[in-house]
Amino acid sequence: MLQKSNPKNDNIQVFIKDKLYPRSEAKVSVFDSSVQGGDAVWEGLRVYPEGVVCLDKHLTRLQESAKTLAFVDIPSKEFIKKAIKQTLDANGMNDDTHIRLTLTRGEKITSGMDPRLNQNGSCLIVLAEWKPLVYDNDHGIKVISTSQRRNSPQFLDSKIHHNNLLNNIIAKIQANVAGKDAGLMLDDRGFIAELNGSNLFLVKNGKVFTPFAHACLPGITRNSVIEMCKKHDIEISEADITLSQFYNADGVFATGTMGELTPVVEIDGRSVSKEDSLQKKIISLFKKEVRGLCEKLD
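This is the structure:
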């Protein structure tokens with residue numbers, strides 16, 4: 114599904130490093146690490162009137178990703194929260210909003226790969242847009258398995274939520290060419306990892322399964338679904354899962370901040386029902402409980 118431009122976003126304010134800029138002036142240097150080598154980390158946040166969903170968990174992951182990449186100037190959670198609130202207030206946003214939160218290693222003194230060239234501190238970007246959920250969660254999405262494998266930790270650890278997304282983008286291109294909504298990525302062993310932009314779950318015989326997070330991001334929405342299932346005594350487990358098992362599931366759904374919970378109704382031309390009662394129950398429970406996961410900004 115192709116996202117559409119929203120005219121309401123034409124004049125938004127964007128926070129960069131330490132202050133707000135109008136969209137037309139919101140830029141980073143050509144010497145910024147995000148431009149030079151995709152050297153940045155990011156989080157996607159969703160805003161409701163009750164606050165930002167799982168905000169503290171997102172900020173923890175941002176900081177841990179930055180630490181893994183040896184950033185030397187990682188802003189505090191307090192600073193980031195103030196920047197988010199300043200941005201939302203400036204744009205009058207408190208609902209139907211998605212935030213792309215990015216932390217780059219910052220501007221280099223000259224072009225090059227060496228992090229020692231970064232001597233001006235990191236750069237925080239808070240890009241908040243009026244944006245509904247990206248998928249049609251009522252009708253579901255169609256996906257295709259791709260030849261592009263998801264990285265294993267021996268190449269690039271998926272636990273780092275980094276901006277070098279070419280691995281996923283290539284999978285998305287393959288899905289686009291096939292006329293499907295997303296690319297389904299396998300790991301280096303041939304087991305299911307995730308979609309190019311979201312985690313996957315399957316329902317079979319009254320039980321719920323999700324791939325091990327060996328080669329996928331252990332998403333925060335994914336974790337919320339796991340915790341919710343345990344809370345409601347729904348049997349759930351992680352496992353190595355094959356394409357055949359997904360083809361023959363009673364139900365399949367994707368999870369992510371951009372789309373929340375989305376039924377997958379076709380995989381490689383095989384139809385998958387979105388009417389499974391347990392799957393519908395999980396999606397309904399999440400809709401009821403997601404706002405309880407929000408954190409208010411002071």
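Okay, so the sequence shown: first residue is 114 according to our numbering, each after it adds one. Think of the CB as a built atom: it goes at the ideal place given N, C-alpha and C, for glycine as much as any other residue.
Whole-Å CB distance - residue i paired with residue j, under 8 Å assumed
i, j, result
"V247", "C407", "The Cβ separation is near 19 Å, so there is no contact."
"R218", "G157", "Incorrect: roughly 20 Å between the Cβ atoms, too far for contact."
"D300", "A326", "That belief does not hold up - the Cβ atoms of D300 and A326 are roughly 10 Å apart, past 8 Å."
"A196", "V239", "5 Å"
"L201", "S271", "Contact doesn't hold; Cβ gap of about 29 Å is too wide."
"V127", "Y134", "6 Å"
"L391", "H345", "Between H345 and L391 the Cβ distance is about 11 Å, and since that is not below 8 Å, they are no contact."
"P228", "A183", "7 Å"
"A362", "L315", "4 Å"
"I347", "F304", "Incorrect: roughly 23 Å between the Cβ atoms, too far for contact."
"G296", "L308", "7 Å"
"T375", "G292", "Not a contact, Cβ separation roughly 18 Å."
"C342", "I333", "In fact, because the Cβ distance is near 15 Å, the residues do not count as touching under 8 Å."
"G310", "N277", "That belief does not hold up - the Cβ atoms of G310 and N277 are roughly 14 Å apart, past 8 Å."
Endpoints, the beta strand (DSSP E) within which residue i is located
i, result
"Y360", "First-last for Y360: L356 to Y360, but that is the alpha helix (DSSP H), not the beta strand (DSSP E)."
"I380", "E373 to I380"
"Y85", "Look at the range of the chain in this structure, 114 to 411, and you will see that residue 85 is not part of it."
"A306", "I305 to L308"
"L133", "K132 to P135"
Three-state secondary structure (DSSP) of residue i
i, result
"D169", "helix"
"N124", "coil"
"A367", "strand"
"N231", "strand"
"I283", "helix"
"E177", "helix"
"L216", "strand"
"S386", "coil"
"L299", "strand"
"E242", "strand"
"G164", "strand"
"K400", "helix"
"I347", "coil"
"G157", "strand"
"K140", "coil"
"L237", "strand"
"A352", "strand"
"I187", "coil"
"P255", "Looking at the sequence shown, residue 255 is not Pro but Lys. Note: K255 maps to strand in three-state DSSP."
"S222", "Ser is not the amino acid found at residue 222; the sequence shown has Ile there. Of the three classes helix, strand and coil, the one that applies to I222 here is coil, per DSSP."
Start and end residues, alpha helix (DSSP H) containing residue i
i, result
"K317", "First-last for K317: N312 to K317, but that is the beta strand (DSSP E), not the alpha helix (DSSP H)."
"F325", "Looking at the DSSP string, F325 is not in any alpha helix (DSSP H), and its letter there is neither H nor E."
"T200", "K190 to N204"
"A337", "In the sequence as presented, Ala is not what sits at residue 337; that position holds Ser. Taken as a continuous stretch (DSSP letters only), the alpha helix (DSSP H) holding S337 covers I333 to K344."
"G150", "S146 to G150"
Residue i classed as buried or exposed, judged by whether at least 16 other C-beta atoms fall within 10 angstroms
i, result
"R159", "buried"
"G372", "buried"
"V338", "buried"
"V403", "buried"
"Q232", "exposed"
"N318", "exposed"
"S357", "exposed"
"G369", "buried"
"R302", "exposed"
"T223", "exposed"
"C268", "The sequence given here places Phe at residue 268; Cys does not occur at that position. With fewer than 16 other Cβ atoms within 10 Å, it is exposed."
"M226", "exposed"
"K400", "exposed"
"P162", "exposed"
"A352", "exposed"
"N119", "exposed"
"S438", "With the chain covering only 114 through 411, there is no way to say anything about residue 438."
"Q116", "exposed"
"S137", "exposed"
"D86", "No information on residue 86 is available, as it lies outside the stretch 114 to 411 that the chain covers here."
inquiry  = With three or more beta-carbon pairs closer than 8 Å as the criterion, would you say the segment 138-147 touches the segment 188-205?
reply    = no
query = Do three or more CB pairs link the segment 368-388 to the segment 242-257 at distances below 8 Å?
reply = yes
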